[in-house]
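Reading through the structure tokens given below for one structure.
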Amino acid sequence: MRSIVLLLFLFTFNGSLELNANEHGINWEEARQFWAFVSPSKVDPPEIDDREWSRGDIDLFVLS
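Numbering (my numbering), first residue to last: 502 to 565.
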């Protein structure tokens, strides 16, 4: 019985969130550009003077 009540609550709550988002006019194309939704891309490590100090690319970012 508890699981049925929980499911009904979740479905009701989910629908209200969607309606609320549409009321306020969320720009979904702009929202998809948020950093958490963008696929990672390769970035070249920065150039540093003392390259012997680092053991890997992450060290180069930390030192810069």
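C-beta atoms are modelled at their ideal positions from N, C-alpha and C, and glycine is treated no differently.
Can you list the alpha helix (DSSP H) stretches of 4 or more residues lying completely in the segment 522-547, in chain order?
-> List check, alpha helix (DSSP H) in window: 529-532.
(Q) Under DSSP, the alpha helix (DSSP H) around D558 begins and ends at which residues? (A) Mapped onto the sequence shown, residue 558 falls at position 57. D558 -> alpha helix (DSSP H) spans 558-564.
* To do: Determine, using beta carbons only, whether P546 and F535 come nearer to each other than 8 Å.
  => As a working note, residue 546 is residue 45 in the sequence shown. As a working note, residue 535 is residue 34 in the sequence shown. No, the Cβ-Cβ distance between P546 and F535 is not below 8 Å.
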